[in-house]
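Count along the sequence shown from 1, then add 9; that gives the number in the numbering used here.
We put the beta carbon where it would ideally sit given N, CA and C, even for glycine.
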Amino acid sequence: MIRTFIAIKIPESYRQPIGELLNEFKATGAAVRWVKPESIHITLKFLGNIKEELVDEIAMKISESVGNRSSFELQAKGCGAFPSIKSPRVVWLGIHGQVDFLGELQADLEKRLVPLGFAPENRPFKAHLTLGRLKGNRGKAKLISMLREKRDFMLDPFQVKEVVLYRSDLKPTGAEYTALKVLPLGPE
Numbered sequence: 010m011i012r013t014f015i016a017i018k019i020p021e022s023y024r025q026p027i028g029e030l031l032n033e034f035k036a037t038g039a040a041v042r043w044v045k046p047e048s049i050h051i052t053l054k055f056l057g058n059i060k061e062e063l064v065d066e067i068a069m070k071i072s073e074s075v076g077n078r079s080s081f082e083l084q085a086k087g088c089g090a091f092p093s094i095k096s097p098r099v100v101w102l103g104i105h106g107q108v109d110f111l112g113e114l115q116a117d118l119e120k121r122l123v124p125l126g127f128a129p130e131n132r133p134f135k136a137h138l139t140l141g142r143l144k145g146n147r148g149k150a151k152l153i154s155m156l157r158e159k160r161d162f163m164l165d166p167f168q169v170k171e172v173v174l175y176r177s178d179l180k181p182t183g184a185e186y187t188a189l190k191v192l193p194l195g196p197e
């Protein structure tokens, strides 16, 4: 069994500014498990533990979904938290731009994966980049203040040209992700 998810990789140009943003958040001293900049992505569907022989079937379903879609533009913009800034549990960077295309893609993937035994997500899809998860209340007030300060944080737009099926290996140093299949979007 391998732990897997479907995601959109963010551009390399995002790594350094997100790393700098994370350093600012870390300076608050908040009790947060921060994500490494190289691990940040837009999750479309968490699949959980699957049998390795399902990888090709899942890749086929992703390919069917992305094959007739054109590339589209997204942009990281604005920090926030789930469920809210006042009571943060997950710190995120928002995704803007052609999010309607992203939402359609995500909904289509959900639908196509049902026959393979993957239940659709109960919660509505909210595109974001997870920056960290709270593990306590230490430094929470400073974190909330920093979240408010970073509401207007923005990076350049980027083109989404592919969807990736990732393997996730949980290590003591954090999750490590390996691309199993990279599936390009169809016509430009």
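- For the options K95, V123, Q84, V41, the alpha carbon positioned closest to that of D109 is the one of Q84.
- Residue range 171 to 180 is occupied by the beta strand (DSSP E) that includes S177.
- In the DSSP assignment, M163 forms a beta bridge with K86.
- Nearest to K54 by C-alpha distance, out of K70, V41, R42, is K70.
- Secondary structure at I19: coil, using DSSP grouped into helix, strand and coil.
- In this structure, S74 and R121 form a Cβ contact; the two beta carbons are roughly 6 Å apart against a cut-off of 8 Å.
- Take V41, set aside five residues on each side of it, and the residues of its chain with a beta-carbon closer than 6 Å to its own are G141, L143, in chain order.
- Sorting A128, S93, I17 by C-alpha distance to the C-alpha of K149 places S93 at the top.
- Shown here for D161: same chain residues with a beta carbon closer than 7 Å to its own, the five before and five after excluded, namely G87 in chain order.
- Among the bridge pairs identified by DSSP, N58 is matched with R12.
- When DSSP reads this structure, T139 sits in a beta bridge with W101.
- Within the model, the alpha-carbon separation for E119 versus D165 is close to 29 Å.
- Judged by DSSP secondary structure, E119 falls outside any beta strand (DSSP E) and instead within the alpha helix (DSSP H) spanning 108 to 122.
- At the C-beta level, L189 and L174 come within 8 Å of one another.
- Apart from the 5 residues on each side of it in sequence, Q107 sits with its Cβ closer than 7 Å to the Cβ of F81, E82, L83 in its chain, given in chain order.
- For the pair E47 and L30, the Cα-to-Cα distance works out to about 13 Å.
- When rounded, the separation of the alpha-carbon atoms in A116 and A68 is 16 Å.
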